[in-house]
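Student: Chains as they are written, first to last, in this note's numbering: chain A, 1 to 1007; chain B, 1008 to 1176; chain C, 1177 to 1366; chain D, 1367 to 1817.
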Amino acid sequence: MANGDGMNRRRFLKVLGAAGGGAAALSGCSGDATDKLIPYLVPPDNQIPGIATWYASTCRECPAGCGVHARVREGRVVKVEGNPESPVNRGRLCARGLASLQGLYNPDRIRGPMAKGASGEFEPISWDDAIARITERLQGATGDLIRFVTGNEAGTFDRLVTEWLRALGAADPVVYEPFGYEALRHASRQVFGVDQLPRYDFGAARYVISFGADFLETWLSPVEHARGFAEGHGYRDGSMGRYVHVEPRMSMTGMSADEWIAPRPGSEALLALGMAHVIVTERLVPRQPDTFRVEQLLDAHAPADVAERTGIAAATIERLAREFVAEPSVAAAGGVGAQHEQAHVTAAAVNVLNYVAGNIGRTVLYGADLNPAGPSSYAELGSLVRAMRNGGVGVLFVHGVNPAHAAPAGTDFAGAMERVGFSVSFSRFWDETAMHADLVLPDHDPLEQWNDFEPRAGAYALQQPVMQPVFDTRQSGDVLLAVARQAGGTIAARFTAETYKDYLQQGWQRLQRQLGDFRPFDAFWTEALQRGGVWRDAPARAVRLARTVTDLQEPATRSAPLDALTLIAYPSSALYDGRGANRPWLQELPDPVTKMTWSTWVEIHPETAAARGIREGDILEVTTSAGTVEAPAYLYPGLRRDVIAMPLGQGHTAFGRYAEGRGANVYALLSTDVTDFGGFSHYAASTLRHTGRHEYLAKTEGKSRQMGRGIAQAVTLAALQHGEHGEEHGGHAAPVPEHVEQLLDEVQEAQDADTRYGDYAGDLPRWALAVDLSKCTGCSACVTACHSENNIPTVGPDLVRRGREMAWIRIERYFEGGEDGEPLEARVLPMMCQQCGHAPCEPVCPVFAAYSTPDGLNGQVYNRCVGTRYCSNNCPYKVRYFNWFDHQNPADPAFSFPDPLHWLLNPDVTVRSKGVMEKCTFCVQRIRGKQHDAKLAGRELEDGEILTACQQTCPSDAIVFGDLNDPSSRVHQLSRDERGYSVLGDLNTRPGVTYLRKVRNLTVDEA
Amino acid sequence: MNKTHPGGILAAYQHVDAAAAAIKALKAKGYRDVTVYTPVPNVEIAQAVGHKVSPVRLWTLLGGLLGCASGFALTLWMSYDWPLVVGGKPVGSVIPYVVIAFELTILFGAGATILGLLFHSWRTRQAGAYDGRFTDDQIGIFVACPVERRPAVEELLRHSGAVEVRVET
Amino acid sequence: MKKRASLLAATLGLVAVAILSLVTSRGSAQGAASQMSGFKAPVDVDTTGLPGPVQPIFYRHDVHAGEFEMDCRYCHFAAEVSPSAGLPTVSTCMGCHIIAGAANPEVQKLRDYWNERRPIEWVEVHRLAPFVRFPHHRHVNSDKELECQDCHGPIQEMPQVYQYASLKMGWCITCHEQEEASTDCTVCHY
Amino acid sequence: MATIAEPQRTAPQQPTYHEITRDVVATLGRPSRTYFVLLAVVLVVLALGAFALLWQIRWGLGVAGYTPPVLWGVYITTFVFWVGIAHSGTLISAILYLFRSAWRTSVYRTAEVMTVFAVLTAGLFPLIHVGRIWYAYWLFPYPNQRQLWVNFKSPLLWDVFAVSTYLTVSTLFLIVGLVPDVAAVREKATGWRRKLYEVTSLGWRGTDQQWRHYIRAYLYLAALATPLVLSVHSVVSWDFAMSIVPGWHATIFAPYFVAGAIYSGVAMVVTLLVPLRKVFKVERYITVDHFENLSKLLLLTGLIVGYAYAVEYFIAWYSGNPFEQASFYNRAFGEYWWATWTMIICNGFLPLLLFFRKVRRSIPALFVLSLFVNLGMWFERFVIIVVSLSFEYEPYAMGHYTPTWVEWSILAGSFAWFFLWFLLFAKNFPMVSITEVKEIIPMPRKARPGT
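1. Among D/A1460, D/L1462, D/V1473, D/P1381, which one has its Cα closest to the Cα of D/T1637?
2. Taking all protein chains shown into account, decide if D/W1500 is buried (16 or more other Cβ within 10 angstroms of its Cβ) or exposed.
3. Is it the case that the CB of C/E1243 approaches a heavy atom of the ligand PLP more closely than 7 Å?
4. D/I1628 and D/L1639 look like a contact to me (Cβ under 8 Å); what is the Cβ gap, rounded to whole Å?
5. Is B/Q1021 close to chain D, meaning its C-beta is less than 8 Å from at least one C-beta of that chain?
6. How many whole angstroms separate the CB atoms of D/G1543 and D/S1799, which I take to be in contact at a CB cut-off of 8 Å?
7. Please say whether A/A664 and A/E630 have beta carbons closer to each other than 8 Å?
8. In terms of residues, what are the limits of the beta strand (DSSP E) holding A/T691?
9. Within 8 Å (strictly less), CB to CB, does A/G758 reach chain B?
10. According to DSSP, is D/N1517 part of a helix, a strand, or is it coil?
11. Please go through the region 1677 to 1704 of chain D and give each complete alpha helix (DSSP H) segment of 4 or more residues, from N-terminal end onward.
12. Three or more beta-carbon pairs under 8 Å between the region 348 to 362 of chain A and the region 325 to 334 of chain A, yes or no?
13. If you count every other CB in all the chains shown that lies within 10 Å of the CB of A/T550, and 16 or more means buried, which is it?
14. Would you report the Cα separation of A/L93 and A/G335, rounded to the nearest angstrom?
15. With 8 Å set as the bound, which would you pick, yes or no: does the beta-carbon of A/R11 sit closer than that to a beta-carbon of chain D?
16. Kindly list the residues whose CB is nearer than 8 Å to the CB of A/L552, restricted to its own chain and excluding five residues on each side of it in sequence; keep chain order.
17. Distance check for A/R264 and A/D855, CA to CA, integer angstroms please.
18. Is any beta-carbon of chain C found at less than 8 Å from that of A/K878?
19. Please work out which residues of its chain come closer than 8 Å, Cβ to Cβ, to A/G20, disregarding the five sequence neighbours upstream and downstream, and give them in chain order.
20. Using the Cβ count rule (16 or more neighbours within 10 Å means buried), how would you classify B/G1057?
21. Under a CB-based cut-off of 8 Å, is A/E816 close to chain D?
22. Pull up the DSSP beta-bridge partners for A/A459, would you.
23. Is there at least one Cβ from chain D nearer than 8 Å to C/N1280's Cβ?
24. From what residue to what residue does the alpha helix (DSSP H) around A/S599 run?
25. In terms of alpha-carbon separation, which member of A/N402, A/P408, A/K703 lies closest to A/S427?
26. Going residue by residue through the region 1586 to 1646 of chain D, where are the continuous alpha helix (DSSP H) segments of at least 4 residues, counting only ones entirely within it?
27. With a 10 Å radius around its C-beta and 16 neighbouring C-beta atoms as the bar for buried, classify D/Y1586 as buried or exposed.
28. Report, in whole angstroms, the separation of the C-beta atoms of D/S1609 and A/N874, which I expect to be a contact under 8 Å.
29. So does the region 371 to 380 of chain A actually touch the region 670 to 685 of chain A, counting three or more Cβ pairs closer than 8 Å?
30. Counting C-beta neighbours from all protein chains within 10 Å, is the total for D/H1579 16 or more, i.e. buried, or is it exposed?
31. Tell me the DSSP bridge mates of A/E816?
32. Quick check on the burial criterion: 16 or more other C-beta atoms within 10 angstroms. Buried or exposed for D/W1783?
33. What does a CB cutoff of less than 6 Å around D/A1452 pick up in its chain, not counting 5 residues either side in sequence?
34. Once you ignore the five residues that flank A/P198 on each side, which residues in its own chain have a CB closer than 6 Å to its CB?
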């Protein structure tokens, strides 16, 4: 562990300042050595300068609880990656998890305890003072006046808070997560009488139907789902799964679907019941026990009955039902894509569907209670706010959640805080809640603290501080313990732990006994730390239909005004509920669907827009019963014509430089009405007004159609099974006679022979990549991983509008069809440097800054680059990125790494200065690092030993890296796959990247 | 003007045929050291003087050949000095280097021509008396000769139609 | 020196010491290692007269590496296993100097750092351009039997370390070509 | 032999040698106030351009309007524009010299001066356009401690050699042509100017030996400059044609560019000569006949350019290459249609007016027409560069470029830079070749020819 041993924070910073050589700029070399080299006072354990140390911990960016490995160099974390031992994410991580680093190093973190002074301004105070103030306030308040709001804290901290509150005689904490799965829980209770969230095993399902569940983006545990989905749905050996997505809007998850069905908003339950009806009445599968309980309900929902109300043809419903039971299947519901006021009915109907199809216990697993949000409830938050307004709260603590922003704006948590006698925020950032608190006691970042988290029953994930705290922050657990100690008396007596770490270990000692592990605790603890936690399979729990299922009412289809459009407010897959908005990587991460960055937008169907005279970028005023916001229009064909959609997450009034004042707060459009399931609705009837203003959209996309160029290719499963491998593109090429081909080959060989001089002679690897488009979901985790690995600057919305984003890998999203009755299809393709064998970029560089390395990369020597930009003109893939400004220079307005954000710079990668071209080189620093290791160990490199950053994090394992010249390598085999093709291969660039065509599993009538 | 020239007779002519005739006459009389000034190059005069074709063209040829050779030498040697492969092309690709060789051919050829011009003009420089009118509209003939022969030359020139004849010492 | 010359009495000793150290370094530069062992290092020296940047502590490589023949890797412990050679931690120094050299004022400085728990801010001597990756471990373990001195110069004879080689690209390349090491750009630049 | 003193053989309208010297020397007299006002304007605009350039160097190329995938914009457009302008000078001075075309003599100096200063201007743009101007010298193969050379396979390096060769050779050619003129002017000058001319005339006296070497050297320089001028714009065109960008990768580019270059250059010559002959009062030497000859040249090259436009579209269609087809469709009907149609109308259609003799002989009409051609030719390069780049292979990566004030300022500054040199030159050196104008007028003879 990174132990301090007397080295205080300031000194630590100094150490970093010098050792962080990677932060050095690509400026000219100068002889005047004024830089300081500062050694450690005492050598930290396991740390060798120049060698990375890895620590296991747990990601706390969302309630999924993925395990992470933090890469530490010279005492600072430079990257987080997935922990392969965690059963949740198996070594993979999403964009938000990768960007947790920018939470740690966020320049707008609160740097020490602050108290609101008489003037209303925050002033720094000491920790002792802060603890004294809390103690004093608590002593002046009776237990019923003390309230505590936490985010999702399933684990020891939650126990500590509960215990601490109980010691004070106060009520248990209110747990609030904006996307709290109240509907799913409600449905489990209603249908099965179980207050649990099941685990969905997408890997075991060959047929997936999702009723609005965005399970690849934010729903429950997206990384786990993506892995499972790729396994179950991805094409392998002539077969693949089939995925049907049911949602009025085609979300990113929906883009992966083989079929997208857009029902009337709010009618998903009817479709599920209709399918269940077919399964039960036609006895497509053996009848499940207790089916009689739902028979009456199903009787009323024959496909013909629901067809009108769902807008889906009866034949389609019947087909879906038959398909659903033909193979191992799973139906998922309740994501925010269907989070309307009837969401619990949808979830319950889908539970019934899964039940009658026999999926419960096979692909829908109860027992391993997913704890993504704990018993979160918007209803409880609502009653707390009422209590606050009525003066019923004397002391309020808020930890790990920002209800002043991430709740329907009418909740007005901030306003209610003004009525609270004394409010304490443990926020790490100046978010909207912290701004209204009286005392702000910044918590450690999850990467700086001891803690644990239970993503599901049986999975105990540990967090350990992987580096010294960056600022003068303190673990909130330690604060609570200190308050208890200072309060004295019975409260102090209840907490024997000196520190939160001790408290944590006490809990883990109990856990060890529970698990029946009788080793010395140290051994158990060390192993858990090394592995990132303790993983046990939770026993499965058999469930049957509960009596309450008969209470299931069919959803009341709302009758909205005719001209009204249903607004769907969905969580941004990057910013989530808004907590990611202060991370520039996430702000700049193009939305997987719209490719928008740094902003809020209104998605509207092109035909709806045309009918209303709306063009892309027109600023629209969206009004619902709850409020009005303005945002530019984005024309999106993946919507029903009577629906508009807006992403949540922006519109912060605080939360630091990257978040504040950006986009619009869509929570302002959501009603505060508590739904039957205790949550709030993400749907609202809305009207649009064109403001007459216009804005150039900050999107990274040029054209959304491929114009028949075959960039992202697809093939139908049926065609593949008939031996047809894919689309023909650029069909102009006449067949080349054999003798001509032979001649061409000879010329080519002769030319190749003329390149084998010096370093180019001998047996050399050819580094290559294979990307399976049947697995890629477009989630864009690779983009953020690349940012993190390669020190890529973020440029901000104005430069994105100028097309100057720098991400070396981008996910291209193309639409097919969607017009003239053709079903809409979305295709995604990760585009990075193709490392061409005959790279057009290279010969045009006058100074050899771009050249072929002997191991088949297109090397880019930044310090040699003069900046003619010819290489980029000549790159057909447009994967070269120019430094228009000096993003690495603190004196430049375009500086991308304000202190301490520059600490996340990878010391193994040069930070580029203005005027040079940069690009992907397959993480050449990782290649060289592994080559050094192998050489020093006197062995050969193994296939799979080198992982590129994008490959490492890809949740669906779509990217494979390796040596093309090694016939036994995975990439070599994939490059010869029947689905393999090169993008723009007709240009004879001989790319090192092989794409495997996406496979579309269409039904007979679709195909 | 400088006075470093040897003494002689300077004559100015208005008419080109008169001047040409005078030159021929001087040549016939065996005067070798004759300098003719003309405002523009003139074939008649040149024929009268009877020079061989200027050797400057040899310079051009040699310069061009040298440029061409050095163009190929430079590019090929530099390519193999540190072999770097770009776009899968041979390390030393002669075809694109033709462009460089061509440009150097021209550059060296032109440079050599100028050098040749300067060199030969310097070698064949004629020290003689001069008058500003000779770059305007008159033709000048300067005959360097010892004092004793001057009257004869002066006589010849005057009779050949010179508008002015003067003795330069 | 000229300025101080007026304070003759006070600086006489200093001048003598400076001359002595210059003579010594010149002598050692001729490679007479035997002179080193007989050399008793004077400590109170105006280090500005020596080549190389003045360090916060006048640490003597000539004494440690030369006179005592300590292995470079005793302090630069990471050179064999890491791209970075590593700087000794203050605790490494104190391993010996908790006892050794107590009377020496420079050692006293070291102890002050230790007692105040302050790291020492050494001035960087060998400055490589920031866009160059130099893996120490590959060079130290190379089968070409490279010595530290090949790049760092006769460290064991330097009272104060100065940059010996230019560390410019041409210098690197010359050696790489001689030793038939790779001259691919991305070996060092990425 | 007839001895009767006849009147001069030359027609009365033909000037005498002395008149020529007198008239041309008169152009070098004390400049008027207009001249200084013009100079001041030029300096102000130049300062603006210089400021924009410094601004760009300070903050990075981002202050210009570049929008990937359009990574070349106004600077390369303007570079090609000025290189093109340069071409007609060499055409008139070298190629027409080899063809013994008599009418060139009175206009070739202006054209040649324009060539040198246009290349001087063009040469700045590759520097202005690179990301790290302070390392631009790396483009030259000079011996360095890194032991690294340059990539001779890059068309940009061909450019380096072609443009610097062109600048050198055309400057030498200009100086060689100037020497006898400077010598003539020298005799009329006084004060510091006389000193200047004494030095720059390199001791020229017009001796038989000097002429002997001179005419040979001049002939060979012309012979070298002729292929050079063709090669330079070919090489510039290969910057584009050697790439794989749809709309660039075409074999027609070299002749197309050379024709376009001469076209734009002749237009610029017309633009410059019209005011010049008025201000310098040399209408006697630069007559309507000269303009008619120039406009015939304009018409010829304009027709070639128009033909090239047609061929480009035809080949795009005929090739069956979908990328080419899309690129050319986008040119005509895409976001930049206005630029394309400006180019086609200015370069393809307006010069057809020159079929009318009246237009050819109307100096005001020619002047206006030449301005349109200049504009059209700038847009031609804009269309080729910007519009092609904005619509390449990857639909996802297509984009739209609009220049910023920095680019416009530097563009304006480049004109100022050009005119600054032109103005300074015009008042100090003869803009009409004294020697060559005299050359086409036979020297006075005593006897009738043939007697």
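No residue lacks a Cβ here, since even glycine has one placed at the ideal position from N, Cα and C. Note that this is a predicted model, so its numbers are computed, not measured.
Tutor: Well, looking at it:
1. D/V1473
2. exposed
3. Inclusion of the ligand PLP in the displayed structure is not the case, the ligand content being empty and no account of it being possible.
4. At roughly 16 Å, the Cβ-Cβ gap does not stay under 8 Å, so D/I1628 and D/L1639 are not in contact.
5. yes
6. 7 Å
7. yes
8. 683 to 694
9. Yes, its Cβ sits closer than 8 Å to a Cβ of chain B.
10. coil
11. Listed in chain order, they are 1688 to 1699.
12. By the Cβ test, the region 348 to 362 of chain A is in contact with the region 325 to 334 of chain A, since at least three Cβ pairs between them sit closer than 8 Å.
13. exposed
14. 20 Å
15. Note on A/R11: pLDDT 37, under 50, position unreliable in the model; no value is reported.
16. Q190, V191, V294, L297, V345, A348, A349, V352
17. 55 Å
18. Not closer than 8 Å to any Cβ of chain C, the Cβ of A/K878 fails to qualify, so no.
19. Bear in mind that the predicted position of A/G20 carries a pLDDT of just 32, short of 50, making it unreliable; the figure below should be weighed with that in mind. Excluding residues within five positions, the ones whose Cβ falls inside 8 Å are E74, R76, H902, W903, L905, P907.
20. exposed
21. no
22. A/R456, A/W535
23. no
24. First-last for A/S599: undefined, no H or E at that position.
25. A/N402
26. DSSP assignment within the region 1586 to 1646 of chain D yields the following whole alpha helix (DSSP H) runs of 4 residues or more, N-terminal first: 1619 to 1645.
27. buried
28. 5 Å
29. yes
30. buried
31. DSSP, once it has assigned bridges, lists A/E825 as partnering A/E816.
32. buried
33. T1481, A1484, V1485
34. V364, L365, Y366
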